[in-house]
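Protein sequence lines, in the order shown, are assigned to chains A and B.
Heads up: the first sequence runs through residues 0 to 343, numbered per numbering that gives the first Met the number 0.
Heads up: the second sequence runs through residues 0 to 343, numbered per numbering that gives the first Met the number 0.
Glycine included, every Cβ here is placed at the ideal spot set by N, Cα and C.
Take a look at the structure set out below.
There are 2 protein chains.
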Amino acid sequence: MRVTLRDVAERAGVSPMAVSAVLNGSGSRKVTVTAEKAERIRQAALDLRYQRNSMASAFRQGRTNQVAVVFQNFGRFILRSTYRADVMNGVMEALFPHDYTLSLCPKLMRSGDAEFISDGRFDGILWCRPDLSEASANTLQHASVPIVMMHAPPGTVLGVPTFCADNDGAMRRAVSHLISLGHERIAFVIDPVSEHSVEGHARADALQGAARRAGLPDPETIILTRDHSVLGRYAEPGAPHTALVCFSDELAGFVLESCERFGVKVPDHISVIGFDSSPLCETTTPRLTSVNQPVERMAFDATSHLLSLIRSSEGGEQAAASTSTLYDCQLDVRDSTGPACSYL
Amino acid sequence: MRVTLRDVAERAGVSPMAVSAVLNGSGSRKVTVTAEKAERIRQAALDLRYQRNSMASAFRQGRTNQVAVVFQNFGRFILRSTYRADVMNGVMEALFPHDYTLSLCPKLMRSGDAEFISDGRFDGILWCRPDLSEASANTLQHASVPIVMMHAPPGTVLGVPTFCADNDGAMRRAVSHLISLGHERIAFVIDPVSEHSVEGHARADALQGAARRAGLPDPETIILTRDHSVLGRYAEPGAPHTALVCFSDELAGFVLESCERFGVKVPDHISVIGFDSSPLCETTTPRLTSVNQPVERMAFDATSHLLSLIRSSEGGEQAAASTSTLYDCQLDVRDSTGPACSYL
DNA sequence: TTGAAAGCGTTACCAT
DNA sequence: ATGGTAACGCTTTCAA
């Protein structure tokens with residue numbers, strides 16, 4: 000049979016509560032046992048090979064010391080992109096020193112509903128799903144555990160702090176770089192999945208805003224499906240754009256590959272900019288100019304903030320006004336951008 | 000206040016037990032409620048916005064639907080190596096379809112003791128720490144939850160199934176490849192950390208066995224500390240070896256870098272073989288010949304087996320004799336191995 | 001088929 | 001400073 004607190008208490012000749020206080024850090028009050036008694040208790044626990052029942056404790060205290068990270072695509076580390084690994088590293092760095100366990104929960108990853116976020120298994124949630132549905136936004140807003148979002152513009156969900164790239168600043172940098180190279184007609188390229196994400200819209204809007212401010216025509220948005228043949232036009236005179244700003248490095252990588260296939264020369268015919276400045280940028284041909292997003296630091300900050308929310312919510316404090324953090328994003332200029340094509 | 004089963008039961012005019020059966024899948028018995036009543040219950044739950052308390056349930060049932068993965072080095076995804084991501088992918092692939100949550104628990108990652116493995120938070124443990132101490136081996140053996148190990152030769156811990164590379168076969172392949180290139184004097188290179196791992200010893204032994212069987216002299220083991228100057232000798236005549244078999248790709252990568260620094264030409268002066276055949280092999284100069292270890296599949300298999308152990312242990316069955324699986328490892332020949340240097 | 005009641009092991013509260 | 005007691009929310013047995 001399982002050895003319980005009671006057994007230990009009995010053997011040590013003390014009350015269960017004393018054992019709890021000594022062995023399990025004494026929940027709230029200070030330790031209230033003499034050193035001698037504490038030693039006896041510890042010895043008894045050792046003799047009996049006492050193992051605490053964490054579930055009983057978690058149940059009683061309403062705390063699990065677990066934080067869940069919710070990614071978008073079910074869950075697979077994509078070797079082409081370091082994004083997930085970056086996030087995980089930042090999260091672990093924030094959690095582990097405080098002995099919080101990091102969990103990946105399939106129920107939370109699955110599409111639609113965020114139905115299970117408040118079922119008590121997690122003390123807090125780091126929400127990394129930019130594909131926010133109306134339904135889950137609502138669930139997030141009324142959740143009974145602290146939540147922090149990444150990759151969503153401030154105010155996306157009322158009361159939920161966000162940690163997000165400064166898309167406006169990023170796009171201003173991109174546009175300014177392109178202008179300095181003589182570009183005027185720019186397009187935003189996005190994949191059909193990201194197109195529906197909050198950040199997809201945010202970046203499209205940001206690029207538009209930056210272009211307008213610079214006196215350029217409104218950038219067209221190209222939703223790039225499996226068929227990339229639309230890129231073929233950039234090899235010929237009269238192409239509608241001289242520069243493409245892509246939603247992600249991964250997408251930009253595909254664009255580069257397709258351009259090569261269609262005989263479109265980058266950056267001679269068209270300039271291409273990615274987003275994330277991941278290691279992938281160094282391996283493409285040509286090397287990819289990209290906006291640098293400090294993913295790991297964002298994840299670390301977001302998680303640290305989440306921990307502080309957890310602590311204060313346990314103190315019974317009411318949540319303060321939700322803060323949001325924007326991250327300045329530099330443009331890492333590599334070889335995929337160059338002077339605007341002159342013969343179009 | 001929290002909405003409990005009782006509240007729902009009250010509103011629906013039924014007993015808490017009925018609600019439990021309908022909403023939470025009815026633990027053991029079949030559903031014992033009429034459709035009409037079930038509907039009423041569901042409606043009541045919806046009205047009251049009932050949220051199950053997972054901790055209470057887990058506590059009661061002694062099941063958490065969580066599996067922990069324990070890595071060696073505290074926890075950081077190393078971008079240079081895809082090992083951790085590979086493991087995680089295999090694990091997720093096995094767990095998620097069955098709705099098991101994957102947890103990374105710092106307390107388990109920290110050095111020494113495996114003190115917390117049986118505290119009820121996890122239904123099973125995937126142990127990926129080759130650095131097995133006597134103490135934790137003992138803890139693992141007497142744990143009250145199912146455990147499965149990776150990267151440990153069969154029988155490393157009594158009763159714990161292992162999923163491991165077939166190091167003997169791998170080394171036989173490596174030696175045979177080297178012999179075909181005219182090599183005779185081989186060394187095994189390992190870092191000071193892995194040197195203490197079970198698999199470190201296993202591979203050293205395997206290489207020795209393979210060399211002996213082939214009639215070669217016993218391979219020396221070189222423990223490579225921070226100072227790689229020992230590699231310098233391979234640029235000069237009279238070097239003691241013509242081929243180095245390294246414990247890991249990462250280590251082999253460092254060896255290649257140091258060789259370049261010391262003017263040692265690979266593979267002209269010395270041949271180098273790595274272990275894992277990770278993407279890193281394609282990016283080194285020269286491209287690294289390496290033993291291919293199917294990490295993701297190993298992790299998948301190990302996790303699937305763990306799940307089956309969990310299921311049978313919940314059925315109250317006694318654990319069968321522990322099975323162990325060895326994985327055949329091909330040698331991926333790239334450019335870091337060549338004919339044995341003739342002028343030494 | 002349904003309901004009542006008894007715990008699961010721990011911690012919080014309130015006496016002493 | 002210490003110990004008794006109750007309660008957390010659920011599931012399971014047992015009786016109806």
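Counting only beta-carbon separations shorter than 8 Å, does residue i have a partner in chain B?
| i | result |
| --- | --- |
| P15 of chain A | no |
| T138 of chain A | no |
| T63 of chain A | yes |
What residues from chain B crowd round residue i, counting only those whose CB sits closer than 7 Å?
| i | result |
| --- | --- |
| A55 of chain A | F58 |
| F76 of chain A | A84, M87 and N88 |
| C104 of chain A | T100 |
At a Cβ threshold of 8 Å, is residue i touching chain A?
| i | result |
| --- | --- |
| A93 of chain B | no |
| N52 of chain B | yes |
| L325 of chain B | no |
| C280 of chain B | no |
| G208 of chain B | no |
| R120 of chain B | yes |
| G26 of chain B | Low per-residue confidence applies at G26 of chain B: pLDDT is 49, beneath 50, and the placement is therefore not dependable, though the value from the model is reported in the following sentence. So no, G26 of chain B is outside the interface. |
Looking at residue j and residue i, is the spacing between their C-beta atoms short of 8 Å?
| i | j | result |
| --- | --- | --- |
| V13 of chain A | L4 of chain A | no |
| L359 of chain A | G337 of chain A | In the structure displayed, chain A extends from 0 to 343; residue 359 of chain A sits before or after that span and is not available. |
| H268 of chain B | A234 of chain B | yes |
| T302 of chain A | S102 of chain B | no |
| V197 of chain A | T224 of chain A | no |
| R79 of chain A | E249 of chain A | yes |
| G158 of chain A | S321 of chain A | yes |
| F253 of chain A | E92 of chain A | no |
| S175 of chain B | S143 of chain B | no |
| V69 of chain B | L305 of chain B | no |
| V7 of chain A | A44 of chain A | yes |
| L139 of chain B | V90 of chain B | no |
| F58 of chain A | F58 of chain B | yes |
| S323 of chain B | T161 of chain B | yes |
| C280 of chain A | S270 of chain A | no |
| I121 of chain A | M87 of chain B | Before going further, note that residue 121 of chain A is Phe rather than Ile in the sequence given. Not closer than 8 Å, so no. |
| P152 of chain A | Q71 of chain A | no |
| V265 of chain A | P285 of chain A | yes |
| K106 of chain A | F115 of chain A | yes |
| I272 of chain A | A173 of chain A | yes |
Hey, residue i and residue j are a contact pair by Cβ (cut 8 Å); roughly how many whole angstroms apart?
| i | j | result |
| --- | --- | --- |
| N52 of chain B | G208 of chain A | No, N52 of chain B and G208 of chain A are not in contact; Cβ-Cβ is about 46 Å, not under 8 Å. |
| S135 of chain A | A113 of chain A | 4 Å |
| P216 of chain B | R260 of chain B | About 28 Å; that fails the 8 Å criterion. |
| L255 of chain A | S335 of chain A | 7 Å |
| Q50 of chain A | V2 of chain A | 7 Å |
What residues of chain A sit near residue i, judged by a beta carbon separation below 9 Å?
| i | result |
| --- | --- |
| S351 of chain B | Since the first residue of chain B shown is 0 and the last is 343, residue 351 of chain B is not available in this structure. |
| R211 of chain B | Residues of chain A passing the Cβ test: none, with the nearest at roughly 38 Å. |
Closer than 7 Å by beta-carbon distance: list the chain A residues that pair up with residue i, in chain order.
| i | result |
| --- | --- |
| R310 of chain B | Within chain A, no residue comes near R310 of chain B; the closest Cβ sits about 17 Å away, beyond 7 Å. |
Considering only heavy atoms of the ligand PLP, does any lie closer than 7 Å to the CB of residue i?
| i | result |
| --- | --- |
| R202 of chain B | Because no ligand of any kind appears in the structure shown, any question about the ligand PLP cannot be addressed here. |
Count the CB pairs spanning the stretch 188-203 of chain B and the stretch 241-258 of chain B that are closer than 8 Å, and state whether there are at least three. yes
Taking one C-beta from the stretch 146-160 of chain A and one from the stretch 79-96 of chain B each time, how about it: are there three or more such pairs within less than 8 Å? no
Below 8 Å, can you find three or more Cβ-Cβ pairs linking the stretch 290-307 of chain A to the stretch 322-342 of chain A? yes
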